[in-house]
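Asks: Residues in the sequence shown are numbered consecutively from 6, following the numbering used here.
No residue lacks a Cβ here, since even glycine has one placed at the ideal position from N, Cα and C.
Just so we're clear, the structure is a prediction, and the values are computed from it rather than from any experiment.
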Amino acid sequence: MSVKLISTKAKVKEAEKLKEVLDKYALGGIDFPIDGEGNLQVVGKPNADWPEAIAYDQLPSEEQFPDEDARIKEVVRLFEGKGDEGLLSLLGEIAACLETPLLILAVERDDDGYCIGRVWSLQPGGKVETLRDLTH
Numbered sequence: 006m007s008v009k010l011i012s013t014k015a016k017v018k019e020a021e022k023l024k025e026v027l028d029k030y031a032l033g034g035i036d037f038p039i040d041g042e043g044n045l046q047v048v049g050k051p052n053a054d055w056p057e058a059i060a061y062d063q064l065p066s067e068e069q070f071p072d073e074d075a076r077i078k079e080v081v082r083l084f085e086g087k088g089d090e091g092l093l094s095l096l097g098e099i100a101a102c103l104e105t106p107l108l109i110l111a112v113e114r115d116d117d118g119y120c121i122g123r124v125w126s127l128q129p130g131g132k133v134e135t136l137r138d139l140t141h
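Here is the structure:
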């Protein structure tokens with residue numbers, strides 16, 4: 006199973022600030038490219054799972070987990086437990102950098118035909134709404 010992710014394009018009013026925001030997060034399954042005209046369009050990574058994000062300052066350090074395997078397990082645990090919450094935080098920070106609204110749609114379908122989908126609406130100024138959680 007992989008997630009299909011699409012979005013509208015949104016005009017970015019503060020591209021440098023947006024890049025600073027994106028640099029603060031570890032991303033899973035999602036990317037936020039800005040084109041040469043200052044437009045943001047969200048894209049999913051190939052064969053990715055559900056989109057998620059964790060702020061780098063929440064990730065375990067080498068001092069906390071000197072063993073690399075243990076550190077990786079902790080990162081996976083954080084993404085599983087707080088990846089949705091981190092994504093919403095990131096989307097709010099992105100929305101604050103937008104000049105026009107952005108809609109994001111994520112859909113996952115398994116081999117048995119079961120589907121789950123979610124739509125996020127980002128409004129300039131920082132407002133984010135999860136418009137719909139869809140299952141079928």
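1) Drop a sphere of 10 angstroms on the beta-carbon of Y61, count the other beta-carbons inside from all chains shown, and report buried for 16 or more, exposed for fewer.
2) Using 8 Å as the threshold, is the C-beta distance between S7 and I109 below it?
3) Measure the alpha-carbon distance for S126 versus E68 and round it to whole angstroms.
4) Below 8 Å, can you find three or more Cβ-Cβ pairs linking the segment 90–107 to the segment 120–136?
5) Is the beta carbon of Q46 sitting closer than 8 Å to the one on P56?
6) Taking V8 as part of the beta strand (DSSP E), name the residues at either end of that continuous run.
7) Smallest Cα separation from A15: which of C102, P71 and N52?
8) Thinking just about the alpha-carbon of each residue, which of G41, A111 and P106 is nearest to the one in D89?
9) Going by C-alpha to C-alpha distance, which of S66, V80 and E19 sits closest to K129?
10) Report back the beta-carbon spacing between G34 and G49 to the nearest angstrom; my notes put them in contact at under 8 Å.
11) Which runs of the beta strand (DSSP E), 3 residues or longer, sit entirely within the segment 47–119?
12) Buried or exposed: which applies to E77, given that a residue is buried once 16 or more other Cβ atoms fall within 10 Å of its Cβ?
13) What number of angstroms, rounded off, separates the C-alpha of V80 from the C-alpha of L64?
Replies: On the basis of the coordinates in this document:
1) Taking a 10 Å sphere around the C-beta of Y61, we find fewer than 16 other C-beta atoms and assign the residue as exposed.
2) No.
3) Rounded to the nearest angstrom, the two C-alpha atoms are 38 Å apart.
4) As far as the Cβ criterion goes, the segment 90–107 touches the segment 120–136, which means the pair count is three or higher.
5) Not a contact, by the Cβ cut-off of 8 Å.
6) Its beta strand (DSSP E) spans residues V8 to S12.
7) Per the Cα distances, C102.
8) Looking only at G41, A111 and P106, the smallest Cα-Cα distance to D89 is reached by A111.
9) In the sequence as displayed, the identity of residue 129 is Pro instead of Lys. When the alpha-carbon of P129 is set against those of S66, V80 and E19, the nearest one is in E19.
10) Contact holds; Cβ gap of about 6 Å.
11) Taking 3 residues as the shortest admissible run, the segment 47–119 contains the following complete beta strand (DSSP E) segments, listed from N- to C-terminal end: 57–60 and 107–114.
12) A small correction: the amino acid at residue 77 is Ile; Glu does not occupy that position in the sequence shown. Exposed, because fewer than 16 other Cβ atoms sit within 10 Å of the Cβ of I77.
13) Their Cα atoms are separated by approximately 6 Å.
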